[in-house]
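4 protein chains.
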Amino acid sequence: MTAEYLVEIDLDKPAHGQEGVHNRWHPDIPAYKTIKQHKSYKIECFDWTGGQVANNDSADDIKYCDLTKIHYLSGPFAVEDCQAGDVLVVRIQDVQPLERSPWGYCGIFAKENGGGFLDKHYPKAAKAVFEFDGIYCSSRHIPGVRFPGIPHPGIIGTAPSPTVLEEWNKREGTLVSSHPDADFVMANLPTAKGTFAGSHATAGVQSVVEKCGARTIPGRPENGGNCDIKALTKGSTVYLPCNVDGGMLSVGDLHFSQGDGEISFCGAIEMAGCITLEVSVLKGGIAKLDMRSPMYLPSPVEPSFGSNRYLTFEGFSVDESGKQLCLDTTVAYRQTCLRVIEYLRRFGYNDYQIYLLLSSAPIQGHIAGIVDVPNSCTTIGLPLDIFDFDISPEAAVASHDRGNCAFANDDLKEGFPVHSELPNFLLDSLNSK
Amino acid sequence: MTAEYLVEIDLDKPAHGQEGVHNRWHPDIPAYKTIKQHKSYKIECFDWTGGQVANNDSADDIKYCDLTKIHYLSGPFAVEDCQAGDVLVVRIQDVQPLERSPWGYCGIFAKENGGGFLDKHYPKAAKAVFEFDGIYCSSRHIPGVRFPGIPHPGIIGTAPSPTVLEEWNKREGTLVSSHPDADFVMANLPTAKGTFAGSHATAGVQSVVEKCGARTIPGRPENGGNCDIKALTKGSTVYLPCNVDGGMLSVGDLHFSQGDGEISFCGAIEMAGCITLEVSVLKGGIAKLDMRSPMYLPSPVEPSFGSNRYLTFEGFSVDESGKQLCLDTTVAYRQTCLRVIEYLRRFGYNDYQIYLLLSSAPIQGHIAGIVDVPNSCTTIGLPLDIFDFDISPEAAVASHDRGNCAFANDDLKEGFPVHSELPNFLLDSLNSK
Amino acid sequence: MTAEYLVEIDLDKPAHGQEGVHNRWHPDIPAYKTIKQHKSYKIECFDWTGGQVANNDSADDIKYCDLTKIHYLSGPFAVEDCQAGDVLVVRIQDVQPLERSPWGYCGIFAKENGGGFLDKHYPKAAKAVFEFDGIYCSSRHIPGVRFPGIPHPGIIGTAPSPTVLEEWNKREGTLVSSHPDADFVMANLPTAKGTFAGSHATAGVQSVVEKCGARTIPGRPENGGNCDIKALTKGSTVYLPCNVDGGMLSVGDLHFSQGDGEISFCGAIEMAGCITLEVSVLKGGIAKLDMRSPMYLPSPVEPSFGSNRYLTFEGFSVDESGKQLCLDTTVAYRQTCLRVIEYLRRFGYNDYQIYLLLSSAPIQGHIAGIVDVPNSCTTIGLPLDIFDFDISPEAAVASHDRGNCAFANDDLKEGFPVHSELPNFLLDSLNSK
Amino acid sequence: MTAEYLVEIDLDKPAHGQEGVHNRWHPDIPAYKTIKQHKSYKIECFDWTGGQVANNDSADDIKYCDLTKIHYLSGPFAVEDCQAGDVLVVRIQDVQPLERSPWGYCGIFAKENGGGFLDKHYPKAAKAVFEFDGIYCSSRHIPGVRFPGIPHPGIIGTAPSPTVLEEWNKREGTLVSSHPDADFVMANLPTAKGTFAGSHATAGVQSVVEKCGARTIPGRPENGGNCDIKALTKGSTVYLPCNVDGGMLSVGDLHFSQGDGEISFCGAIEMAGCITLEVSVLKGGIAKLDMRSPMYLPSPVEPSFGSNRYLTFEGFSVDESGKQLCLDTTVAYRQTCLRVIEYLRRFGYNDYQIYLLLSSAPIQGHIAGIVDVPNSCTTIGLPLDIFDFDISPEAAVASHDRGNCAFANDDLKEGFPVHSELPNFLLDSLNSK
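Residue numbers (full-length UniProt numbering), protein chains in the order written: chain A, 1 to 433; chain B, 1 to 433; chain C, 1 to 433; chain D, 1 to 433.
Written out as structure tokens, the structure is:
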């Protein structure tokens with residue numbers, strides 16, 4: 001009756017090489033196990049980096065993280081009586097941190113290694129470690145904040161068919177090749193470095209996957225994958241298209257919490273953990289539902305702070321320089337993030353702390369208006385009740401020491417962060433370190 | 001004790017020329033009335049077009065709507081003891097349809113006159129009329145659907161200062177001039193045609209406003225305006241920056257309901273109505289809050305269908321042709337809309353009906369992931385409970401006649417809609433008209 | 001298309017004698033009008049007393065209220081194609097105050113005239129007048145509090161059949177006759193005084209109804225009636241058993257807001273108002289559903305403060321004297337009320353103000369445990385966010401003048417309220433009046 | 001950083017005698033451990049019976065359960081720097097089933113041993129076993145139902161002082177002695193049989209506790225205890241009065257889920273499990289808050305099915321025989337329970353199954369009206385979405401085999417359940433066993 005464990009991981013050894021994990025999408029990666037429909041299973045998962053990040057007060061591990069290795073996923077699992085064209089119905093029955101590892105982290109990647117949504121403003125690496133007390137988390141790096149998690153898998157997806165894989169590599173390759181002068185990585189193409197096709201893969205498969213295995217970084221319509229949807233928390237049901245027989249489900253990149261957008265890229269509270277799930281199959285579901293990308297039913301058990309307990313900020317498609325963009329919703333959302341940062345500064349947090357908070361706390365990011373040329377408008381709802389002090393516009397602001405997040409040692413030596421990035425009153429404490 | 005009416009409108013006469021309304025943003029438009037802080041007022045508002053659209057079964061009025069006239073706003077109102085640099089705190093205490101006009105409409109503008117978010121797919125004009133039964137609405141043009149409204153003003157904003165106005169006209173003008181070959185209207189620049197500077201404006205002011213009065217179509221960070229935020233419903237509080245003394249509040253474009261994005265442009269359920277509000281002033285608020293765009297607290301009284309009663313669709317920044325875009329959230333949201341349309345077709349609705357429904361029903365549009373290059377991922381939550389039949393993926397689909405929305409007479413004569421736009425089983429009924 | 005008005009009331013004339021109202025339950029009361037299924041109607045209703053209470057600062061009108069006249073209901077309405085044995089499905093589409101009368105009141109009845117749930121503790125009459133600002137209300141008699149309403153009919157019901165009526169009069173008469181020494185009114189039996197059988201009743205009917213028309217004070221399983229269920233707000237659907245052909249629906253006793261229990265008897269915010277509703281009929285529903293009392297589906301649009309924004313108090317079936325009762329849930333709920341009063345005192349309110357607040361604000365009253373002999377346990381959730389200051393247990397308490405509610409002039413002359421009922425620091429201001 | 005375990009239980013041995021558990025309230029029971037403020041701890045707890053009930057298909061263990069032994073609580077824990085007069089603030093950070101025991105049970109006790117809220121109607125023992133799949137549970141004994149849990153401790157409380165204990169024994173003794181002819185157990189007085197004063201208790205303490213240790217069955221205002229409040233789920237904060245130095249916190253009787261009232265007495269889904277909590281102390285809190293019974297803040301993470309997804313039933317204080325009671329809320333709630341049972345029968349469940357379901361599923365039990373003499377009105381909201389079929393009043397009812405719950409072997413031999421208790425169509429299958 002107890003749910004069977006499909007994967008159990010060893011946190012004391014490298015993820016690379018362990019049983020039941022892999023880090024690329026490819027139809028040739030063999031099933032690690034076959035699972036039955038209508039039966040609960042437990043699956044342990046590494047944090048997305050496979051254990052590269054430690055519970056300490058330096059962001060060195062973030063700064064020098066090897067991104068060719070991510071994400072270490074658990075699986076793939078072949079589902080009995082599942083064929084290409086079916087839809088896999090995955091009930092996410094629970095997502096928990098590992099009891100032996102009750103912490104997670106949120107990171108800001110350096111602009112030159114990974115970057116993030118606001119990397120032009122905040123190019124340096126930073127980190128906040130969160131500790132889990134039951135359903136709540138808090139961070140010594142962002143004092144004054146505590147909130148319940150919405151544990152979910154950042155990645156859940158099925159294997160691509162050869163055709164789908166070819167399409168991915170072609171369209172993402174075209175994007176890169178048609179922007180030869182891009183000053184950032186527009187897409188991560190297949191790379192042999194860091195590739196792990198799973199412990200059950202033959203040398204031949206490993207070699208093929210090194211050559212053309214799709215990276216796990218983007219979510220994709222054909223198989224789901226790294227969608228980073230915070231609503232996929234315990235209690236939700238996700239419908240995934242199956243491109244190959246067996247479906248070949250993989251899951252990982254567990255998050256204890258995340259805000260809409262996962263804005264700092266390593267923006268959720270990343271953790272090793274365990275997901276409990278049950279699958280069933282909707283035969284011929286892709287055609288029946290005319291399904292071209294996944295869909296889901298959220299959980300009935302989401303944290304709710306009350307609709308009017310979200311202080312909500314608006315952002316528009318006018319960029320930081322005052323340039324007008326036409327219905328550019330990405331720019332609008334970036335502006336919305338910046339509005340929150342500007343607002344929270346006065347309570348004593350520095351920009352990097354707020355950027356981490358925006359990424360990890362359960363903020364609600366909505367499309368507001370997307371038709372009133374030339375301005376897209378997006379909003380971010382910030383829950384008032386995650387703070388242990390009053391952040392409302394009418395609140396009196398007392399001067400408080402809000403500590404600091406972790407930075408990389410090299411950056412601190414270079415005198416970072418400098419004035420333009422941190423409010424004056426924070427510089428003294430930092431510089432005196 | 002009864003709230004004083006600031007504006008009462010005559011629905012039997014043209015909006016153009018009536019007391020207390022205007023349709024441009026300009027610092028010279030004189031205050032229609034001065035209002036006190038901490039006192040409730042009622043303000044009647046025309047629908048955004050000033051009465052150009054009728055409760056009938058033809059979309060001719062949508063197709064030939066004069067967009068130079070929109071939006072007819074009520075105001076401006078000068079607030080006592082309010083100065084430039086303050087923040088206006090507006091408590092939206094109620095928004096109601098007019099008892100003498102208990103209906104509204106949702107329109108799809110033709111691609112060549114207004115357009116909308118999906119105008120490349122659905123270039124023709126269409127319309128659905130909704131009737132209001134208390135807090136609920138339903139439409140003879142989209143049978144099988146009924147939902148409670150979230151009445152809100154599409155537009156609420158303050159007057160620009162001369163400097164702000166100049167900035168608007170410059171940045172939007174630059175957008176247009178730098179895209180000489182755009183195949184759609186990227187921004188609506190000042191135009192004398194249709195301009196109404198208000199009944200209290202002198203000929204001189206009217207002339208100035210005709211020349212450089214900002215159009216009301218886009219929302220803008222400096223004054224709010226047409227943000228089309230459905231959360232600004234009765235019970236919410238909005239914080240608006242004041243650019244001029246008195247603040248000069250205007251409000252209009254009332255919606256009975258709207259989905260996130262207002263995707264068909266005339267996408268809300270547009271109505272004439274009455275807003276009840278109270279204002280107060282946060283002195284020096286712009287500097288104090290470092291406010292660069294409006295913020296708000298949503299209402300404690302929003303319709304709630306239960307978190308797991310939203311069937312939710314995912315969309316990615318891969319466009320209709322399969323082209324990969326890099327973190328283009330606008331494209332991702334368009335894909336998400338298309339996924340809903342494809343899904344709902346099988347229940348018997350045609351695409352135009354679904355497009356109207358997506359625009360007007362309280363769908364939840366979220367940013368999901370915005371950092372996993374190259375794919376942005378956005379989601380749309382569609383409430384299951386607005387349908388009087390089961391639309392879940394597991395539901396058996398019975399063949400039903402779902403009627404039709406209104407189209408323009410000329411389009412119907414031309415044989416529209418044709419096969420590519422409507423499922424086969426709908427064509428017969430249409431063609432036999 | 002506009003909903004037809006079934007009843008329009010004249011607030012400037014006595015309710016007694018007006019068209020479309022009555023104040024007893026009896027099968028002979030003739031239908032005021034016949035209504036169609038699936039059609040929206042508007043029905044104006046007097047406040048429950050028919051206008052006996054004024055918007056002023058004295059509780060004289062509460063103290064001397066003529067309770068033989070209550071409740072003035074609008075109706076009865078015969079429903080087309082409805083027969084005894086059917087179930088009436090009433091969709092409550094809206095409930096609003098009258099725009100011409102935007103206020104209501106909450107009263108505490110004197111122990112000797114009406115009483116209330118805590119009348120042994122608070123035997124004197126008191127009153128708080130609330131003014132409505134859109135969906136919100138506030139009272140000059142309970143400063144510091146503001147909340148959105150949940151407008152609903154305290155009474156909605158169908159006519160009894162002769163058999164049902166006979167049963168009522170018998171069982172309630174037995175209760176009274178078997179407690180000859182009761183020190184309070186255990187049930188209000190038929191009385192000629194104050195009876196109004198409706199403007200369409202013949203003298204003969206009036207005479208019959210005077211003799212045996214059931215009073216409207218209790219709700220009853222057979223027809224619903226005065227259930228004072230705050231969940232029956234706009235957007236809800238109620239299923240009522242039909243005991244006679246036509247169903248004979250009556251409605252009234254509109255409340256702008258109410259807490260669970262309506263504890264002070266006149267405990268809601270009583271108002272004149274207008275209800276919009278639509279009915280349909282479930283044929284043979286009583287047998288089909290085995291229905292022995294009404295049921296309902298609440299509205300999707302209820303105020304929500306967030307589940308953890310209710311400070312919740314526990315009460316047990318140990319009475320004020322320390323006496324142990326066995327599973328007496330009524331005593332447990334009374335204790336829970338007292339716990340809230342004791343708690344809120346320290347913020348400067350007097351007991352009568354809190355008693356009024358408990359009655360009128362949207363408190364949540366739950367059965368917690370009802371099987372752990374000998375203690376029933378009930379809870380009251382008090383929304384934190386209706387106060388404009390912090391009432392949490394950790395809050396610092398500042399001394400504030402919270403004003404006072406209205407009392408009766410005679411009581412104030414007699415030196416009431418005295419020390420045992422009001423905290424010391426409130427006595428000075430009162431005594432100095 | 002990992003939370004320290006205060007108690008770890010051995011499910012393979014009798015609870016009686018294990019370290020860190022006890023089953024009476026008494027000031028002399030020594031602290032098992034001393035805990036620090038602001039630190040997270042994990043505490044394993046037996047199910048309330050200490051393991052007397054098995055995961056099987058017979059209710060023999062329920063029928064013959066030894067009730068003198070209950071409840072086995074974990075503790076007591078002395079809190080550092082806590083004194084009599086303080087208030088203990090307990091943050092319930094998590095409540096989970098034990099991974100090694102992923103099931104629970106709901107029982108109906110026989111009328112002659114324990115009984116329950118409806119024992120006059122349903123006097124026989126019955127049982128349903130629930131299995132846990134992550135946050136969801138389902139029972140082979142009540143097919144067609146599945147819902148997320150709201151795990152909580154049925155009991156959390158502090159030790160009584162000698163004075164408080166004396167008061168309890170006196171008032172409960174008086175209740176019993178003044179009802180010599182009661183046909184049921186009105187209160188459970190101290191009894192030596194089954195008493196366990198904890199592994200750290202001396203023989204002298206054990207002897208004293210046997211003589212006058214208060215039973216754990218009722219919750220009590222002075223210390224909380226067995227309040228069976230489903231809102232005390234993970235994420236909630238409870239404020240408990242301290243009657244002795246150290247507070248002496250005990251906790252147990254963990255429930256995976258429960259409906260308001262826990263109506264069948266063993267009505268929750270009883271389980272062994274683990275609670276994670278953190279305490280702090282509000283110095284002098286009893287006087288400061290004028291606290292006479294516990295209070296709490298519910299969790300922000302409660303299951304929410306949407307306000308209009310609860311089919312809600314009304315019950316009144318007219319008893320089963322038609323007798324009118326005066327404001328008897330206990331009778332009203334019993335009627336409400338019966339209304340749900342009558343309603344659900346037609347979907348194929350028998351009364352015992354529904355009684356079990358009402359007890360264990362997250363039904364919402366509200367006080368509606370408690371002042372309209374002579375009728376109290378209470379309501380029960382039944383979530384529509386816990387059923388995998390449509391139970392709405394408009395639903396077509398298909399005949400389904402809903403299986404059966406477990407009964408005691410002796411009862412089945414005697415031909416139970418008989419006609420009056422089970423609908424006809426269920427009798428055949430039962431009798432043919």
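Glycine included, every Cβ here is placed at the ideal spot set by N, Cα and C.
- Closer than 9 Å at the C-beta level to chain D, one finds no residue of the region 239-261 of chain B.
- Using a CB distance below 8 Å, the part of the region 287-309 of chain D facing chain B consists of 304, 305, 306, 307, 308, 309, ordered along the chain.
- In terms of beta-carbon proximity, residue 365 (chain C) lines the interface with chain D, with at least one pair separated by less than 7 Å.
- Counting along the chain, residue 122 (chain D) sits inside no beta strand (DSSP E), nor does DSSP assign it H or E at all.
- Here residue 269 (chain C) has 104, 105, 106, 130, 137, 149, 255, 256, 257, 258, 360 as same chain residues with Cβ atoms under 8 Å from its own Cβ, once five neighbours each way along the sequence are excluded.
- When DSSP reads this structure, residue 106 (chain C) sits in a beta bridge with C:128.
- In this structure, residue 365 (chain B) lies away from residue 198 (chain B), with their beta-carbon atoms at least 7 Å apart.
- Taking C-beta separations shorter than 7 Å and ignoring five residues to either side along the sequence, residue 170 (chain D) has no partners in its chain.
- The alpha-carbon separation between residue 331 (chain B) and residue 338 (chain B) amounts to approximately 11 Å.
- Between residue 40 (chain B) and chain C, the shortest Cβ-Cβ separation is below 7 Å.
- If you look at residue 226 (chain A), you'll find it isn't in any alpha helix (DSSP H); DSSP assigns it neither H nor E.
- Taking C-alpha positions only, residue 46 (chain B) is separated from residue 100 (chain B) by approximately 13 Å.
- Between residue 307 (chain C) and residue 123 (chain D), the gap from beta carbon to beta carbon reaches 7 Å or more.
- At a cut-off of 7 Å between C-beta atoms, residue 37 (chain D) does not count as an interface residue with respect to chain A.
- Comparing alpha carbon positions, the residue from A:143, A:34, A:58 closest to residue 388 (chain A) is A:143.
- What residue 136 (chain D) touches in chain A, judged by beta-carbon distance under 7 Å, is 93, going in chain order.
- In summary, residue 321 (chain D) is exposed, with fewer than 16 beta-carbon neighbours lying within 10 Å of its beta-carbon over all protein chains present.
- Selection D:116, D:371, D:21 evaluated against residue 227 (chain C) yields D:371 as nearest (Cα-Cα).
- Around residue 90 (chain A), the same chain offers 238, 277, 279 as residues with beta carbons nearer than 6 Å, after the five sequence neighbours per side are excluded.
- Residue 186 (chain C) and residue 326 (chain D) do touch by the CB rule: their CB atoms are close to 5 Å apart, below 8 Å.
- As a beta-bridge residue in DSSP terms, residue 91 (chain A) pairs with A:237, A:278.
- Its Cα nearest to that of residue 98 (chain C), the residue C:274 stands out among C:87, C:274, C:288, C:397.
- Comparing alpha-carbon positions, the option among B:132, B:378, B:73, B:374 lying closest to residue 26 (chain B) turns out to be B:73.
- Closer than 7 Å at the C-beta level to chain B, one finds these residues of the region 268-285 of chain C: 276, 278.
- Relative to residue 127 (chain D), the option among D:5, D:154, D:55 whose CA is nearest is D:55.
- Annotation: Cβ neighbours of residue 2 (chain B) in chain C (cutoff 8 Å, chain order): 99, 100, 102.
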